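Mapping the sequence shown onto our numbering, position 63 (from 1) lands on 1301, and the numbers just tick up by one.
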Amino acid sequence: MARFSAISPQSQCWLFHIALALNVAGMMLTDMWFPMVVGTVVTTYLSVDAWVRLRYILPLKKELRQVQHELENLRQQQHNQ
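Structural data, given as structure tokens:
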């Protein structure tokens, strides 16, 4: 999460998917095959990582924070009784 903290996770997802599309287009249009394949592999990893983080990890962290807050409230209520 701290790797790309300068831009939002949604912007990262768009950026990496656009970079992947540009790499694939460059692979088809140029004869620089090996650098484009390496770039495509790297941007595929970054795209999938950003998508998984946006789709699953961030909502899970939000839900975990809510559960911890509810647990603290229940402990406080139990302590007061």
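A virtual CB, placed ideally from N, CA and C, is assigned to each residue, including glycine.
Note that the coordinates shown come from a computational prediction; the quantities given were computed from them, not determined experimentally.
With DSSP collapsed to three states, give me the class of T1278. The residue given as residue 1278 occupies position 40 in the sequence shown. Three-state result, T1278: helix.
Three CB pairs or more closer than 8 Å across the stretch 1297-1313 and the stretch 1245-1263: Inter-segment contact for the stretch 1297-1313 and the stretch 1245-1263 is absent: fewer than three beta-carbon pairs are separated by less than 8 Å.
So, is the C-beta of R1313 closer than 8 Å to a C-beta in chain B? Among the chains in the structure shown there is no chain B, since it carries only a single protein chain.
N1261 classed as buried or exposed, judged by whether at least 16 other C-beta atoms fall within 10 angstroms: Your numbering for residue 1261 matches position 23 in the sequence shown. When all chains shown are included, N1261 counts as buried.
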